[in-house]
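First the structure, in the form of structure tokens, and then the observations on it.
There are 2 protein chains.
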Amino acid sequence: MDVARAAEVSSSTVSYVLSGKRPISKETAERVQRAIRDLQYRPNAGARALASARSNVIALVVPLRAGQNVPVVMEFVTAVVTKARAADHDVLLLTQDEGVAGLRRVSASALADALIVMDVQADDPRLTTLRQLEAPCVLIGLPDRPTGLACVDLDFAAAGALAVEHLADLGHRAVGLVGQPAAVYERKTSYAPRLISGLRDAATHRGVDVAVQQCESTFEGLQACVAQLLAEQPETTALVVHNEAVLPALTTVLLEHRRRVPASMSVVAICPDDMAATHAVSFTNIAIPAEDLGSIAVDMVMGQLEAGAPAETRLLAPVLTVRASTGAPRKPR
Amino acid sequence: MDVARAAEVSSSTVSYVLSGKRPISKETAERVQRAIRDLQYRPNAGARALASARSNVIALVVPLRAGQNVPVVMEFVTAVVTKARAADHDVLLLTQDEGVAGLRRVSASALADALIVMDVQADDPRLTTLRQLEAPCVLIGLPDRPTGLACVDLDFAAAGALAVEHLADLGHRAVGLVGQPAAVYERKTSYAPRLISGLRDAATHRGVDVAVQQCESTFEGLQACVAQLLAEQPETTALVVHNEAVLPALTTVLLEHRRRVPASMSVVAICPDDMAATHAVSFTNIAIPAEDLGSIAVDMVMGQLEAGAPAETRLLAPVLTVRASTGAPRKPR
DNA sequence: AAAAGTCATCGAAGCGCTTCGACGCTTCGT
DNA sequence: ACGAAGCGTCGAAGCGCTTCGATGACTTTT
Numbered sequence: 004m005d006v007a008r009a010a011e012v013s014s015s016t017v018s019y020v021l022s023g024k025r026p027i028s029k030e031t032a033e034r035v036q037r038a039i040r041d042l043q044y045r046p047n048a049g050a051r052a053l054a055s056a057r058s059n060v061i062a063l064v065v066p067l068r069a070g071q072n073v074p075v076v077m078e079f080v081t082a083v084v085t086k087a088r089a090a091d092h093d094v095l096l097l098t099q100d101e102g103v104a105g106l107r108r109v110s111a112s113a114l115a116d117a118l119i120v121m122d123v124q125a126d127d128p129r130l131t132t133l134r135q136l137e138a139p140c141v142l143i144g145l146p147d148r149p150t151g152l153a154c155v156d157l158d159f160a161a162a163g164a165l166a167v168e169h170l171a172d173l174g175h176r177a178v179g180l181v182g183q184p185a186a187v188y189e190r191k192t193s194y195a196p197r198l199i200s201g202l203r204d205a206a207t208h209r210g211v212d213v214a215v216q217q218c219e220s221t222f223e224g225l226q227a228c229v230a231q232l233l234a235e236q237p238e239t240t241a242l243v244v245h246n247e248a249v250l251p252a253l254t255t256v257l258l259e260h261r262r263r264v265p266a267s268m269s270v271v272a273i274c275p276d277d278m279a280a281t282h283a284v285s286f287t288n289i290a291i292p293a294e295d296l297g298s299i300a301v302d303m304v305m306g307q308l309e310a311g312a313p314a315e316t317r318l319l320a321p322v323l324t325v326r327a328s329t330g331a332p333r334k335p336r
Numbered sequence: 004m005d006v007a008r009a010a011e012v013s014s015s016t017v018s019y020v021l022s023g024k025r026p027i028s029k030e031t032a033e034r035v036q037r038a039i040r041d042l043q044y045r046p047n048a049g050a051r052a053l054a055s056a057r058s059n060v061i062a063l064v065v066p067l068r069a070g071q072n073v074p075v076v077m078e079f080v081t082a083v084v085t086k087a088r089a090a091d092h093d094v095l096l097l098t099q100d101e102g103v104a105g106l107r108r109v110s111a112s113a114l115a116d117a118l119i120v121m122d123v124q125a126d127d128p129r130l131t132t133l134r135q136l137e138a139p140c141v142l143i144g145l146p147d148r149p150t151g152l153a154c155v156d157l158d159f160a161a162a163g164a165l166a167v168e169h170l171a172d173l174g175h176r177a178v179g180l181v182g183q184p185a186a187v188y189e190r191k192t193s194y195a196p197r198l199i200s201g202l203r204d205a206a207t208h209r210g211v212d213v214a215v216q217q218c219e220s221t222f223e224g225l226q227a228c229v230a231q232l233l234a235e236q237p238e239t240t241a242l243v244v245h246n247e248a249v250l251p252a253l254t255t256v257l258l259e260h261r262r263r264v265p266a267s268m269s270v271v272a273i274c275p276d277d278m279a280a281t282h283a284v285s286f287t288n289i290a291i292p293a294e295d296l297g298s299i300a301v302d303m304v305m306g307q308l309e310a311g312a313p314a315e316t317r318l319l320a321p322v323l324t325v326r327a328s329t330g331a332p333r334k335p336r
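Keeping their order, the protein sequence lines are chains A and B. Numbering (this note's numbering) for the first sequence: 4 to 336. Numbering (this note's numbering) for the second sequence: 4 to 336.
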């Protein structure tokens with residue numbers, strides 16, 4: 004290695020300067036650093052991975068084109084990449100459709116040191132494989148049986164409850180849920196049912212009636228959903244919307260039913276904060292903290308990698324921000 | 004290597020079976036394949052990269068959170084990943100914000116064999132660096148001086164022209180452009196001005212008046228944009244919308260001006276096909292062929308990598324699909 | 001029948017790093 | 001004042017592959 008020659012040290016010394024794994028005198032270290040800078044030296048990633056059995060790469064498995072939560076996915080991804088870079092790791096992108104084989108491939112070939120898997124289903128078929136892998140692995144989402152796997156997610160049950168609490172406090176007695184597309188429930192993506200059960204539990208406690216309706220991510224889907232909801236429970240005065248994609252169309256569709264937000268219909272959205280704020284009506288929302296989740300996922304990965312941290316589950320407490328879309332129902336009884 | 008032992012051959016033979024770089028007898032090859040399967044053997048990526056000077060990884064540089072074209076970006080990304088996997092390569096994700104340093108790092112450390120860079124600006128500061136890199140590199144987008152760099156993009160000038168042609172054919176004489184957010188123009192992201200100039204040129208040819216207005220990706224932004232457009236050119240009977248994010252709100256905002264789509268206002272959207280079709284009114288659109296672009300980018304990368312193909316520029320011809328949002332102006336003179 | 005190819009395979013030399021043990025030197029405790 | 005302990009550095013042995021030249025066993029050519 005010519006950096007070593009330029010700095011008049013052995014190549015092992017250069018390595019130790021770079022890794023800090025052994026003490027090096029200040030003068031030597033500086034000499035080496037200068038040589039590195041002068042020669043624009045970058046260690047060869049392959050050689051490094053081979054010798055150290057560490058690639059400094061994290062594999063991130065993203066859903067291909069599931070539902071239309073694309074902006075949320077992208078937020079996750081950038082958060083993960085940014086955080087990973089800060090920890091001196093790179094991110095390899097895998098899509099869902101390589102399935103279990105892709106996970107095995109990446110882990111067994113030592114392409115990546117660890118995995119982060121998004122969009123985990125309640126009984127995800129990848130779970131057993133993931134448990135068998137050498138590489139540590141963090142799930143974003145919460146399967147039914149997370150034993151042995153690290154998970155991080157928003158506490159959707161608490162989020163559902165929080166939404167109901169807020170509305171009940173305002174005086175609402177009948178709430179509708181505009182849910183996710185059917186595909187999401189069929190896929191048994193655990194967050195959707197978790198939200199519903201949290202919502203129902205809280206509603207029971209507070210004596211609030213609840214109607215639940217899935218909702219396709221199109222204009223017509225939303226029309227159908229709202230129509231159904233109001234037919235089923237006409238006294239509905241508030242909506243919880245767990246579908247980012249239909250938010251833009253919501254006020255329009257409600258207007259078709261002579262409902263104004265928030266005067267004759269309150270709305271709590273479950274969506275990222277920035278999305279809540281950029282509509283005709285800014286929506287009171289419970290944040291989907293994509294950035295935090297991504298960042299925490301990387302932290303957990305690094306913890307397992309460096310410190311052999313155990314595989315714990317973290318559910319983030321929901322945060323509700325009051326904006327312009329919720330108020331007291333028109334005729335409080 | 005124990006696959007070699009199991010198949011009773013030398014490790015070089017295993018390598019040749021895997022790479023096909025030398026003839027191997029059918030029997031031996033089968034023996035080796037079986038051993039590989041039985042032992043679930045996966046070559047170590049680091050060792051392979053080191054020995055062959057090829058990592059089989061493509062670096063993809065995505066814009067961090069530029070504008071709200073997020074779904075389009077995601078389409079690119081999945082297209083690139085899918086296509087790359089088909090060519091036995093993986094994709095490493097870099098964000099814009101690592102800048103030039105990131106490009107150099109990835110290339111010099113041989114982490115990736117090639118780069119694909121999205122969201123290239125007219126006078127992108129990364130250009131000179133990219134030209135200096137060892138690694139071949141493909142831009143998605145079209146800088147002012149693409150010399151020496153491979154580029155692929157939609158022909159936005161032709162797209163602008165095509166939109167005007169379509170509207171002029173229907174009888175429209177005054178067209179407004181709902182443009183991108185100011186940030187995009189400030190960044191000099193070449194596609195936006197290219198669309199405008201193509202649109203203006205065609206308009207001049209066809210004797211159509213054009214008003215151009217940038218548009219922030221919020222409800223209020225759209226309101227302001229449309230108001231401005233109609234104030235400036237009240238005889239406007241058609242809109243070209245080059246901003247996916249405001250499409251959902253468009254019909255609502257136009258209604259505030261007593262304009263219905265397409266009866267009293269025709270609309271051509273520049274957006275991905277799936278986006279055009281899932282609104283209250285399905286929009287006549289010129290497709291942004293994200294999937295094709297991503298796929299072609301990978302093809303070009305592989306061409307440069309395998310065959311030493313030259314760095315050419317490819318501009319894809321725009322395709323307009325007529326849907327429900329365009330028609331003849333109300334009072335053709 | 002000898003020379004010249006082919007074909008399928010092997011052995012060994014790296015690829016550019018990290019890491020372990022060793023070594024010489026200084027400092028400390030007693 | 002002498003052994004123990006610590007510090008800073010070096011040399012060499014890999015890490016697990018690919019690849020090049022070599023080698024036999026055959027086949028074809030002359």
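Where is the CB? At the ideal position from N, CA and C, for every residue including glycine.
Three-way DSSP call (helix, strand, coil) for residue 43 of chain B in this model: It is coil, neither helix nor strand.
In the DSSP assignment, find the unbroken beta strand (DSSP E) run with residue 61 of chain B in it and report its ends. Note, residue 61 of chain B: beta strand (DSSP E), 60-65.
Going by the DSSP bridge assignment, what does residue 289 of chain B pair with across the sheet? DSSP lists B:273, B:323 as partners of residue 289 of chain B.
Looking at chain A, which residues of the region 60-81 of chain B have a Cβ within less than 9 Å of any of its Cβ atoms? If the cut-off is 9 Å between Cβ atoms, the region 60-81 of chain B has 60, 62, 63, 65, 67, 68, 71, 73, 74, 76, 77, 78, 80, 81 near chain A.
Would you kindly check if the distance between the Cβ of residue 116 of chain A and the Cβ of residue 200 of chain A is under 8 Å? Cβ atoms of residue 200 of chain A and residue 116 of chain A: not closer than 8 Å.
Could you tell me whether any non-hydrogen atom of the ligand FAD is closer than 7 Å to the CB of residue 19 of chain A? As presented, the structure is devoid of all ligands, the ligand FAD included, so that no description of it is given.
Using a C-beta to C-beta distance shorter than 7 Å, which residues of chain A count as neighbours of residue 88 of chain B? Neighbours of residue 88 of chain B on chain A, chain order: 101.
Are the beta-carbon atoms belonging to residue 250 of chain B and residue 239 of chain B less than 8 Å from one another? Their beta carbons are not under 8 Å apart, which means residue 250 of chain B does not touch residue 239 of chain B by this criterion.
Mind checking the region 109-137 of chain A against chain B and listing, in chain order, the residues whose C-beta falls within less than 7 Å of any C-beta there? Considering only beta carbons, the part of the region 109-137 of chain A lying closer than 7 Å to chain B consists of 111, 112, 113, 114, in chain order.
Whole-angstrom C-beta distance between residue 143 of chain B and residue 156 of chain B, which should lie under 8 Å: Confirmed, Cβ separation roughly 6 Å.
In angstroms with no decimal places, state the Cα-to-Cα distance between residue 330 of chain B and residue 158 of chain B. The straight-line gap from Cα to Cα measures roughly 25 Å.
Proximity winner among B:235, B:147, B:306, relative to residue 128 of chain B (alpha-carbon distances): For residue 128 of chain B, the nearest C-alpha among the options comes from B:147.
Proximal residues to residue 282 of chain A (C-beta, below 7 Å), its chain only, five neighbours per side dropped: Once the five neighbours on either side are set aside, the close Cβ partners of residue 282 of chain A are 250, 251.
Just to confirm the assignment, what range does the alpha helix (DSSP H) spanning residue 254 of chain A have? For residue 254 of chain A, the enclosing alpha helix (DSSP H) has its first and last residue at 250-259.
Using DSSP's beta-bridge definition, name the partner residues of residue 317 of chain B. Answer by DSSP bridge pairing, in chain order: B:155.
How would you list, in chain order, the residues of chain A whose beta-carbon sits under 7 Å from the beta-carbon of residue 288 of chain B? Chain-order list of chain A residues neighbouring residue 288 of chain B: empty, with the shortest C-beta distance near 16 Å, by a criterion of under 7 Å.
Could you list which residues in chain B have their beta carbon closer than 7 Å to that of residue 50 of chain A, in chain order? Close partners of residue 50 of chain A in chain B (Cβ separation under 7 Å): 53.
Thinking C-alpha only, which one of B:278, B:51, B:317 is nearest residue 149 of chain B? Taking each of B:278, B:51, B:317 in turn and checking the Cα distance to residue 149 of chain B, the smallest one comes out for B:317.
Residues in the region 213-240 of chain B with C-beta within 7 Å of chain A's C-beta atoms, listed in sequence order? For the region 213-240 of chain B, which is checked against every Cβ of chain A, the residues closer than 7 Å are 221, 222.
Burial state of residue 151 of chain A, where buried means 16 or more other Cβ atoms lie within 10 Å: It counts as exposed.
Can you tell me the Cα-Cα spacing of residue 25 of chain A and residue 19 of chain A, whole angstroms? CA-CA distance, residue 25 of chain A to residue 19 of chain A, rounds to 6 Å.
Helix, strand or coil for residue 14 of chain B, going by three-state DSSP, please let me know. It is helical.
Do the region 60-69 of chain A and the region 26-45 of chain A meet, that is, are 3 or more Cβ pairs less than 8 Å apart? The region 60-69 of chain A vs the region 26-45 of chain A: no contact.
According to DSSP, simplified to helix, strand and coil, what is residue 216 of chain A? Strand.
Closest by C-alpha distance to residue 87 of chain A, when choosing among A:306, A:140, A:12, A:298: Looking at the Cα atoms, A:298 is the closest of the given residues.
Residue 292 of chain A at chain B interface by Cβ criterion, 8 Å: Residue 292 of chain A has a beta carbon lying at 8 Å or more from every beta carbon in chain B.
Quick one: what's got a C-beta closer than 6 Å to residue 300 of chain B's C-beta in the same chain, skipping five residues either side? Result list for residue 300 of chain B: 119, 141, 143, 155, in chain order.
Buried or exposed, going by whether 16 or more other CB atoms sit within 10 Å of the CB of residue 12 of chain B? The residue in question, residue 12 of chain B, is buried, as its Cβ has 16 or more Cβ neighbours within 10 Å.
Whole angstroms is fine: what's the gap from residue 276 of chain A's alpha carbon to residue 290 of chain A's? Spanning the two alpha carbons is a distance of roughly 5 Å.
If I measure Cβ to Cβ from residue 211 of chain A and keep anything under 8 Å in the same chain, skipping five residues before and after, which residues do I get? Counting only Cβ-Cβ distances below 8 Å, and skipping sequence neighbours, we find 167, 170, 171, 175, 176, 177, 178, 205.
Does residue 324 of chain A get closer than 8 Å to chain B when you measure Cβ to Cβ? No - not a single Cβ of chain B is within 8 Å of the one on residue 324 of chain A.
Kindly indicate if chain A contains any beta-carbon less than 8 Å away from that of residue 339 of chain B. Look at the range of chain B in this structure, 4 to 336, and you will see that residue 339 of chain B is not part of it.
Which of the residues in the region 239-255 of chain A, read from start to end, lie with their CB under 7 Å from any CB of chain B? Here the close residues are 251, 252, 255.
Do residue 45 of chain A and residue 108 of chain B have their beta-carbon atoms positioned less than 8 Å apart in this structure? Taking 8 Å as the Cβ cut-off, residue 108 of chain B and residue 45 of chain A qualify as a contacting pair.
List, in chain order, every chain A residue whose beta-carbon is nearer than 8 Å to that of residue 316 of chain B. Under the 8 Å cutoff, chain A gives no residues; its nearest Cβ is about 26 Å from residue 316 of chain B.
Close Cβ partners of residue 164 of chain B (< 8 Å) along its chain, the five nearest in sequence each way excluded: Taking residue 164 of chain B as the centre and dropping the five residues before and after it, the same chain places the C-beta of 201, 202, 204, 205 closer than 8 Å to its C-beta, in chain order.
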